[in-house]
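*Asks:* Let me begin by handing over the structure; questions about it come next.
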Amino acid sequence: MMTLVRDEAKSVGLEAHDAPYHIGAVTLRARDLPRLTAYYRDAIGLKLLREAPGLAELGVGGTVLVRLVAGAAAPASAAGLFHLALLLPSRRDLADWLRHAAEADIRLEGASDHLVSEALYLSDPEGNGIEIYRDRARAEWPRRPDGGIAMATERLDLDRLLAEARPGAYAGMPPGTGMGHIHLRVGDTAAAEAFYRDLLGFDLMVRYPGASFLASGGYHHHIAGNVWGSRGAGPRAAGEAGLDRFAVVARDEQDFAAMRQRILAAGGDESDGVPTIADPWANRLVLTR
744 MMTLVRDEAK SVGLEAHDAP YHIGAVTLRA RDLPRLTAYY RDAIGLKLLR
794 EAPGLAELGV GGTVLVRLVA GAAAPASAAG LFHLALLLPS RRDLADWLRH
844 AAEADIRLEG ASDHLVSEAL YLSDPEGNGI EIYRDRARAE WPRRPDGGIA
894 MATERLDLDR LLAEARPGAY AGMPPGTGMG HIHLRVGDTA AAEAFYRDLL
944 GFDLMVRYPG ASFLASGGYH HHIAGNVWGS RGAGPRAAGE AGLDRFAVVA
994 RDEQDFAAMR QRILAAGGDE SDGVPTIADP WANRLVLTR
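Throughout the sequence shown, residue numbering follows my numbering, covering 744 to 1032 in sequence.
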(Lines of atoms letter the chains of each structure in order from A and count residues from 1; the text may use other names and numbers.)
(Lines give C-alpha, C1' and ligand atoms only; values in the text may rest on other atoms or scores of the structure.)
Protein backbone atom coordinates (compact mmCIF):
# COMPACT_ATOMS: atom_id res chain seq x y z
CA MET A 1 0.00 0.00 0.00
CA MET A 2 2.74 2.47 0.93
CA THR A 3 4.49 1.93 -2.39
CA LEU A 4 1.44 3.23 -4.22
CA VAL A 5 0.94 6.40 -2.21
CA ARG A 6 4.40 7.85 -1.59
CA ASP A 7 4.62 11.64 -1.68
CA GLU A 8 4.70 13.01 -5.21
CA ALA A 9 7.33 15.65 -5.97
CA LYS A 10 5.97 18.85 -7.45
CA SER A 11 6.89 20.12 -10.89
CA VAL A 12 7.42 23.87 -11.11
CA GLY A 13 6.39 26.51 -13.60
CA LEU A 14 3.04 24.96 -14.52
CA GLU A 15 -0.28 26.81 -14.25
CA ALA A 16 -1.90 23.61 -13.02
CA HIS A 17 0.42 23.39 -10.02
CA ASP A 18 -0.01 27.00 -8.90
CA ALA A 19 -2.94 26.00 -6.70
CA PRO A 20 -3.73 24.62 -3.24
CA TYR A 21 -4.27 21.19 -4.85
CA HIS A 22 -3.13 19.65 -8.10
CA ILE A 23 -3.11 16.19 -9.63
CA GLY A 24 -0.12 13.94 -9.01
CA ALA A 25 0.64 10.41 -10.14
CA VAL A 26 -2.07 8.44 -11.90
CA THR A 27 -1.98 4.70 -11.18
CA LEU A 28 -3.25 2.27 -13.82
CA ARG A 29 -3.95 -1.45 -13.49
CA ALA A 30 -2.33 -3.20 -16.43
CA ARG A 31 -3.24 -6.40 -18.20
CA ASP A 32 0.20 -6.56 -19.85
CA LEU A 33 2.63 -4.67 -17.63
CA PRO A 34 5.77 -5.00 -19.82
CA ARG A 35 3.92 -3.79 -22.93
CA LEU A 36 2.36 -0.82 -21.15
CA THR A 37 5.65 0.09 -19.49
CA ALA A 38 7.40 0.13 -22.87
CA TYR A 39 4.66 2.32 -24.35
CA TYR A 40 4.84 5.02 -21.70
CA ARG A 41 8.63 4.97 -21.93
CA ASP A 42 9.17 4.80 -25.70
CA ALA A 43 6.03 6.29 -27.23
CA ILE A 44 5.05 8.84 -24.60
CA GLY A 45 8.60 9.71 -23.58
CA LEU A 46 8.54 9.23 -19.81
CA LYS A 47 11.57 7.80 -18.05
CA LEU A 48 11.36 4.51 -16.18
CA LEU A 49 12.16 5.59 -12.62
CA ARG A 50 11.53 2.37 -10.73
CA GLU A 51 10.65 -1.21 -11.58
CA ALA A 52 9.75 -4.03 -9.22
CA PRO A 53 7.72 -7.23 -9.56
CA GLY A 54 4.23 -6.16 -10.61
CA LEU A 55 5.10 -2.45 -10.62
CA ALA A 56 6.58 0.21 -12.90
CA GLU A 57 6.86 3.92 -12.12
CA LEU A 58 7.49 6.40 -14.92
CA GLY A 59 7.91 10.13 -14.90
CA VAL A 60 10.24 13.07 -15.38
CA GLY A 61 13.21 13.80 -13.13
CA GLY A 62 12.31 12.41 -9.74
CA THR A 63 8.57 12.94 -10.18
CA VAL A 64 6.38 9.87 -10.72
CA LEU A 65 3.61 10.73 -13.18
CA VAL A 66 2.30 7.32 -14.25
CA ARG A 67 2.40 4.26 -12.02
CA LEU A 68 1.54 0.89 -13.54
CA VAL A 69 0.52 -2.09 -11.43
CA ALA A 70 -0.04 -5.61 -12.70
CA GLY A 71 -3.00 -7.79 -11.98
CA ALA A 72 -6.11 -6.32 -13.60
CA ALA A 73 -8.76 -8.79 -12.49
CA ALA A 74 -11.72 -7.58 -14.59
CA PRO A 75 -12.25 -5.68 -17.83
CA ALA A 76 -12.86 -1.94 -17.65
CA SER A 77 -16.50 -0.89 -17.29
CA ALA A 78 -18.27 2.26 -18.49
CA ALA A 79 -17.05 4.50 -15.67
CA GLY A 80 -13.39 5.15 -14.97
CA LEU A 81 -10.63 7.01 -16.79
CA PHE A 82 -11.44 9.15 -19.80
CA HIS A 83 -7.87 10.41 -19.97
CA LEU A 84 -4.88 11.39 -17.90
CA ALA A 85 -3.33 14.65 -19.04
CA LEU A 86 0.41 15.28 -19.21
CA LEU A 87 1.20 18.98 -19.18
CA LEU A 88 4.31 20.18 -21.01
CA PRO A 89 6.05 23.43 -20.07
CA SER A 90 5.82 25.16 -23.48
CA ARG A 91 4.31 25.14 -26.95
CA ARG A 92 7.69 24.21 -28.42
CA ASP A 93 7.77 21.16 -26.12
CA LEU A 94 4.37 20.17 -27.50
CA ALA A 95 5.69 20.64 -31.04
CA ASP A 96 8.70 18.45 -30.23
CA TRP A 97 6.41 15.68 -28.99
CA LEU A 98 4.22 15.97 -32.09
CA ARG A 99 7.28 15.56 -34.33
CA HIS A 100 8.30 12.53 -32.29
CA ALA A 101 4.81 11.06 -32.73
CA ALA A 102 4.93 11.61 -36.47
CA GLU A 103 8.36 10.03 -36.83
CA ALA A 104 7.48 7.08 -34.57
CA ASP A 105 4.10 6.54 -36.29
CA ILE A 106 2.18 7.08 -33.05
CA ARG A 107 -1.50 7.37 -33.91
CA LEU A 108 -3.33 10.45 -32.65
CA GLU A 109 -7.07 10.38 -31.99
CA GLY A 110 -7.59 14.12 -31.83
CA ALA A 111 -6.02 17.57 -31.64
CA SER A 112 -7.81 20.58 -30.18
CA ASP A 113 -7.38 24.23 -29.30
CA HIS A 114 -9.31 24.75 -26.07
CA LEU A 115 -8.55 28.52 -25.92
CA VAL A 116 -6.82 28.05 -22.56
CA SER A 117 -4.65 25.21 -23.86
CA GLU A 118 -3.62 23.21 -26.91
CA ALA A 119 -3.97 19.44 -26.72
CA LEU A 120 -3.16 16.21 -28.50
CA TYR A 121 -5.15 13.04 -27.75
CA LEU A 122 -4.35 9.35 -28.04
CA SER A 123 -4.82 6.05 -26.18
CA ASP A 124 -2.34 3.53 -24.81
CA PRO A 125 -2.42 -0.12 -25.96
CA GLU A 126 -4.96 -1.01 -23.25
CA GLY A 127 -7.37 1.80 -24.14
CA ASN A 128 -6.47 4.28 -21.42
CA GLY A 129 -6.92 7.79 -22.79
CA ILE A 130 -3.98 10.20 -22.78
CA GLU A 131 -3.93 13.95 -23.35
CA ILE A 132 -0.61 15.72 -23.97
CA TYR A 133 -1.00 19.49 -23.78
CA ARG A 134 0.42 22.90 -23.04
CA ASP A 135 -1.29 25.79 -21.30
CA ARG A 136 -1.49 29.33 -22.51
CA ALA A 137 -0.47 31.86 -19.86
CA ARG A 138 -3.29 32.54 -17.42
CA ALA A 139 -3.47 36.19 -18.53
CA GLU A 140 -4.38 34.97 -22.04
CA TRP A 141 -7.31 32.81 -20.97
CA PRO A 142 -10.53 34.24 -22.44
CA ARG A 143 -13.36 35.13 -20.10
CA ARG A 144 -17.12 34.90 -20.31
CA PRO A 145 -19.23 38.00 -19.63
CA ASP A 146 -19.72 36.79 -16.05
CA GLY A 147 -15.94 36.63 -15.55
CA GLY A 148 -15.68 32.84 -15.75
CA ILE A 149 -13.14 31.06 -17.92
CA ALA A 150 -14.22 30.47 -21.52
CA MET A 151 -13.25 27.13 -23.03
CA ALA A 152 -14.06 25.59 -26.40
CA THR A 153 -12.99 22.74 -28.66
CA GLU A 154 -11.59 24.14 -31.88
CA ARG A 155 -9.34 22.71 -34.57
CA LEU A 156 -5.64 22.74 -33.76
CA ASP A 157 -3.42 23.53 -36.75
CA LEU A 158 -0.94 20.63 -36.58
CA ASP A 159 1.20 21.85 -39.48
CA ARG A 160 1.71 25.21 -37.80
CA LEU A 161 2.52 23.51 -34.50
CA LEU A 162 4.91 21.07 -36.12
CA ALA A 163 6.83 23.95 -37.72
CA GLU A 164 7.96 25.00 -34.22
CA ALA A 165 9.61 21.64 -33.43
CA ARG A 166 13.35 21.59 -32.78
CA PRO A 167 15.60 19.35 -34.90
CA GLY A 168 17.34 16.29 -33.54
CA ALA A 169 16.38 13.05 -31.86
CA TYR A 170 13.59 13.24 -29.31
CA ALA A 171 15.06 13.12 -25.79
CA GLY A 172 11.81 12.41 -23.96
CA MET A 173 9.47 14.65 -22.04
CA PRO A 174 11.37 17.67 -20.73
CA PRO A 175 12.08 18.79 -17.16
CA GLY A 176 9.05 20.58 -15.73
CA THR A 177 6.52 18.21 -17.26
CA GLY A 178 3.73 17.39 -14.81
CA MET A 179 0.32 15.80 -14.51
CA GLY A 180 -2.02 18.62 -15.47
CA HIS A 181 -5.43 17.10 -14.84
CA ILE A 182 -7.47 13.94 -14.84
CA HIS A 183 -10.68 13.47 -16.82
CA LEU A 184 -13.10 10.79 -15.61
CA ARG A 185 -16.04 8.94 -17.05
CA VAL A 186 -18.90 9.21 -14.57
CA GLY A 187 -22.54 8.21 -14.45
CA ASP A 188 -23.97 11.65 -13.70
CA THR A 189 -22.37 15.10 -13.82
CA ALA A 190 -24.59 16.52 -11.07
CA ALA A 191 -23.45 13.73 -8.77
CA ALA A 192 -19.83 14.40 -9.79
CA GLU A 193 -20.25 18.06 -8.90
CA ALA A 194 -21.84 17.12 -5.58
CA PHE A 195 -18.84 14.95 -4.73
CA TYR A 196 -15.89 16.96 -6.04
CA ARG A 197 -17.31 20.46 -5.41
CA ASP A 198 -19.67 20.15 -2.45
CA LEU A 199 -17.79 17.49 -0.47
CA LEU A 200 -14.15 17.99 -1.48
CA GLY A 201 -14.21 21.72 -2.16
CA PHE A 202 -13.07 21.99 -5.78
CA ASP A 203 -14.54 24.93 -7.70
CA LEU A 204 -16.83 24.39 -10.67
CA MET A 205 -15.14 26.22 -13.53
CA VAL A 206 -16.96 25.26 -16.74
CA ARG A 207 -19.89 23.13 -17.86
CA TYR A 208 -20.05 21.55 -21.31
CA PRO A 209 -23.04 19.50 -22.48
CA GLY A 210 -22.54 16.27 -20.54
CA ALA A 211 -19.35 17.35 -18.77
CA SER A 212 -18.25 19.34 -15.72
CA PHE A 213 -14.79 20.83 -15.14
CA LEU A 214 -13.56 21.52 -11.60
CA ALA A 215 -10.37 23.03 -10.23
CA SER A 216 -8.43 24.48 -7.35
CA GLY A 217 -6.82 27.92 -7.28
CA GLY A 218 -8.49 29.30 -10.41
CA TYR A 219 -7.01 26.77 -12.86
CA HIS A 220 -9.24 25.84 -15.80
CA HIS A 221 -9.60 22.26 -14.54
CA HIS A 222 -7.83 19.70 -12.42
CA ILE A 223 -10.68 17.18 -12.46
CA ALA A 224 -13.35 16.69 -15.12
CA GLY A 225 -16.21 14.23 -15.39
CA ASN A 226 -18.30 13.40 -18.43
CA VAL A 227 -21.19 11.10 -19.30
CA TRP A 228 -20.52 10.96 -23.05
CA GLY A 229 -20.19 7.18 -22.96
CA SER A 230 -21.11 6.40 -19.38
CA ARG A 231 -24.43 8.05 -18.56
CA GLY A 232 -26.11 6.13 -15.73
CA ALA A 233 -23.04 4.02 -15.01
CA GLY A 234 -22.73 2.51 -11.55
CA PRO A 235 -19.66 1.82 -9.42
CA ARG A 236 -16.72 0.06 -11.01
CA ALA A 237 -15.86 -3.49 -9.99
CA ALA A 238 -12.90 -4.18 -7.71
CA GLY A 239 -9.70 -4.86 -9.65
CA GLU A 240 -10.90 -3.48 -12.97
CA ALA A 241 -8.36 -2.73 -15.67
CA GLY A 242 -7.65 0.94 -16.17
CA LEU A 243 -7.67 3.53 -13.42
CA ASP A 244 -6.60 2.27 -10.01
CA ARG A 245 -6.26 5.65 -8.27
CA PHE A 246 -4.95 9.17 -8.68
CA ALA A 247 -3.11 11.46 -6.30
CA VAL A 248 -4.29 14.89 -5.22
CA VAL A 249 -1.22 16.82 -4.08
CA ALA A 250 -1.64 19.48 -1.38
CA ARG A 251 0.51 22.61 -1.62
CA ASP A 252 1.34 22.75 2.09
CA GLU A 253 0.47 21.33 5.52
CA GLN A 254 -2.50 23.64 5.97
CA ASP A 255 -4.03 22.64 2.62
CA PHE A 256 -3.33 18.97 3.41
CA ALA A 257 -5.12 19.26 6.76
CA ALA A 258 -8.13 20.99 5.20
CA MET A 259 -8.57 18.37 2.46
CA ARG A 260 -7.93 15.55 4.91
CA GLN A 261 -10.80 16.82 7.03
CA ARG A 262 -13.11 16.99 3.99
CA ILE A 263 -12.18 13.47 2.91
CA LEU A 264 -12.79 11.95 6.32
CA ALA A 265 -16.04 13.90 6.77
CA ALA A 266 -17.24 12.59 3.39
CA GLY A 267 -16.73 8.97 4.46
CA GLY A 268 -13.14 8.40 3.40
CA ASP A 269 -10.54 6.64 5.49
CA GLU A 270 -6.87 6.91 6.33
CA SER A 271 -4.04 4.39 6.40
CA ASP A 272 -0.51 5.23 7.56
CA GLY A 273 -1.35 8.94 7.43
CA VAL A 274 -2.64 8.80 3.84
CA PRO A 275 -6.30 9.89 3.44
CA THR A 276 -8.21 8.26 0.61
CA ILE A 277 -11.75 8.23 -0.74
CA ALA A 278 -13.60 6.83 -3.75
CA ASP A 279 -16.16 8.83 -5.71
CA PRO A 280 -19.62 7.36 -6.46
CA TRP A 281 -18.15 5.34 -9.36
CA ALA A 282 -15.28 3.87 -7.30
CA ASN A 283 -12.69 6.17 -8.88
CA ARG A 284 -10.25 6.46 -5.95
CA LEU A 285 -8.14 9.45 -5.01
CA VAL A 286 -5.38 9.64 -2.40
CA LEU A 287 -4.20 12.84 -0.76
CA THR A 288 -0.45 13.46 -0.66
CA ARG A 289 1.88 16.36 0.12
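All residues carry an ideal CB built from backbone N, CA and C; glycine is no exception.
In whole angstroms, give me the CA-to-CA distance for A828 and L865.
*Replies:* Rounded to whole angstroms, A828 to L865 spans 11 Å at the Cα level.
*Asks:* On a CA-only basis, which of R909, T1031 and A967 is nearest A934? Give me that one, please.
*Replies:* A967
*Asks:* Tell me which residues share the same chain as H843 and place their Cβ nearer than 8 Å to its Cβ, disregarding the 5 neighbours each side in the sequence.
*Replies:* G788, I849 and Y913
*Asks:* In this structure, does DSSP put H765 in helix, strand or coil?
*Replies:* Residue state, collapsed to three classes: strand.
*Asks:* Grab me the residues of N871's own chain with a C-beta within less than 8 Å of its C-beta, minus the 5 sequence neighbours each way, in chain order.
*Replies:* So the list reads L771, L824, H826, L827, G985 and L986, once near-sequence residues are dropped.
*Asks:* Determine, using beta carbons only, whether A993 and L1030 come nearer to each other than 8 Å.
*Replies:* yes
*Asks:* Could you have a look at R774 and say whether DSSP puts it in helix, strand or coil?
*Replies:* coil
*Asks:* What is the DSSP secondary structure of R1032, counted as helix, strand or coil?
*Replies:* coil
*Asks:* Near D856, what residues of its chain come up, given a Cβ to Cβ distance below 6 Å and the 5 sequence neighbours on each side ignored?
*Replies:* E897 and L899
*Asks:* Short check: CB of Y783 to CB of V809, under 8 Å?
*Replies:* Cβ atoms of Y783 and V809: closer than 8 Å.
*Asks:* Could you tell me if W971 is buried or exposed, where buried requires 16 or more neighbouring beta carbons within 10 angstroms of its beta carbon?
*Replies:* exposed
*Asks:* Can you list, in chain order, the stretches of the beta strand (DSSP E) that have 3 or more residues and sit fully within the stretch 799 to 853?
*Replies:* 806 to 813 and 823 to 831
*Asks:* Does the stretch 921 to 938 come close enough to the stretch 803 to 822 to have 3 or more Cβ pairs within less than 8 Å?
*Replies:* yes
*Asks:* Thinking C-beta only, is L801 closer than 8 Å to V812?
*Replies:* no
*Asks:* Just to check my reading of the structure: M998 and P763 have Cβ atoms closer than 8 Å, yes? What is that Cβ distance to the nearest angstrom?
*Replies:* In the sequence as displayed, the identity of residue 998 is Asp instead of Met. Contact holds; Cβ gap of about 4 Å.
*Asks:* Alpha carbon to alpha carbon, how far is A958 from L927? Give it in angstroms, no decimals.
*Replies:* 14 Å
*Asks:* Can you tell me whether DSSP reads F956 as helix, strand or coil?
*Replies:* strand
*Asks:* Can you say whether A816 is buried or exposed, counting buried as having 16 or more other CB atoms within 10 angstroms of its CB?
*Replies:* exposed
*Asks:* Go through the stretch 859 to 889 residue by residue and report every complete run of the beta strand (DSSP E) that reaches 3 residues or more, in order.
*Replies:* Taken in chain order, the complete beta strand (DSSP E) segments of 3 residues or longer contained in the stretch 859 to 889 are 860 to 866 and 872 to 878.
*Asks:* In terms of residues, what are the limits of the alpha helix (DSSP H) holding I1006?
*Replies:* Boundaries of the alpha helix (DSSP H) around I1006: E996 to A1008.
*Asks:* For E758, collect the residues of the same chain with a Cβ closer than 7 Å to its Cβ; drop the 5 residues on either side in sequence, then sort them by chain order.
*Replies:* D878, R881 and Y962
*Asks:* Can you tell which of L830, L779, P777 and R778 has the C-alpha that lies nearest to the C-alpha of R803?
*Replies:* The sequence shown places Val at residue 803, not Arg. Nearest of L830, L779, P777 and R778 to V803, Cα basis: L830.
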